[in-house]
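With the first letter of the sequence shown counted as 1, position 101 gets the number 101 in my numbering; the numbers rise by one all the way through. We put the beta carbon where it would ideally sit given N, CA and C, even for glycine. Remember, predicted model here, so these are calculated numbers, not experimental data. Take a look at the structure below.
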Amino acid sequence: MSIRFIHYLIIMYSIALFILLFFRPNEQDYDSMNLKPFATIFNYLSGQVNFLIAFYNIAANIGLFIPYGLYIDLKTKSAKYRYFFQIIIPIFVISAIEFLQYITQRGSLDIDDLILNVIGVYVGYGFAPIIKRIIQVDEK
Numbered sequence: 001m002s003i004r005f006i007h008y009l010i011i012m013y014s015i016a017l018f019i020l021l022f023f024r025p026n027e028q029d030y031d032s033m034n035l036k037p038f039a040t041i042f043n044y045l046s047g048q049v050n051f052l053i054a055f056y057n058i059a060a061n062i063g064l065f066i067p068y069g070l071y072i073d074l075k076t077k078s079a080k081y082r083y084f085f086q087i088i089i090p091i092f093v094i095s096a097i098e099f100l101q102y103i104t105q106r107g108s109l110d111i112d113d114l115i116l117n118v119i120g121v122y123v124g125y126g127f128a129p130i131i132k133r134i135i136q137v138d139e140k
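What follows is the structure, given as structure tokens:
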């Protein structure tokens, strides 16, 4: 698989994710904010929220960002910038998404979404060695 094709896939995936996050079909506006870490996650795990809703929200927040962990791992070969790209950039980008959802009222600003999304990126990092064994990437 060529690196160019992988770039194309991540761009298409990012466009689809952008549409999912900012152009939801239900036309519902959001204006809530949660800055208390783990409050939403604990609420989901407490049983006060329907299990399927809780599972969907946690799994989606993690799962939707796994491809970015795979992609970033593939792109960061230099140990010099690895920390920056694998830790700082995901936190910054996901924070920007959360903030944009809040100011556009297309999603709530929730620190737990940030936590779960970053976990998703890190899960992607964890899967990267396995994926690299399965898929050979040409640098062309």
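Cβ-based neighbour list, residue i, same chain, cut-off 8 Å, excluding 5 preceding and 5 following
i	result
residue 76	82, 85, 86
residue 36	111
Boundaries of the alpha helix (DSSP H) in which residue i is found, first to last residue
i	result
residue 121	111-134
residue 1	Premise fails: residue 1 is in no alpha helix (DSSP H) and is neither H nor E.
residue 40	39-45
residue 55	51-63
residue 91	89-103
Residues near residue i in its chain [Cβ-Cβ closer than 7 Å; skip 5 each side]
i	result
residue 159	Only positions 1 to 140 of the chain appear in the structure, and residue 159 is not among them; the question remains open.
residue 59	none
Identity of the residues DSSP links to residue i by a beta bridge
i	result
residue 34	110
residue 138	2
Sequence-distant residues of the same chain with beta carbon closer than 6 Å to residue i, five excluded per side
i	result
residue 106	22
Proximity test, residue i beta-carbon vs the ligand COA heavy atom, cut-off 7 Å
i	result
residue 116	Ligands are entirely absent from the displayed structure, and the ligand COA is therefore not among its contents.
Exposed unless 16 or more other CB atoms sit within 10 angstroms - verdict on residue i
i	result
residue 116	buried
residue 47	exposed
residue 71	buried
residue 126	exposed
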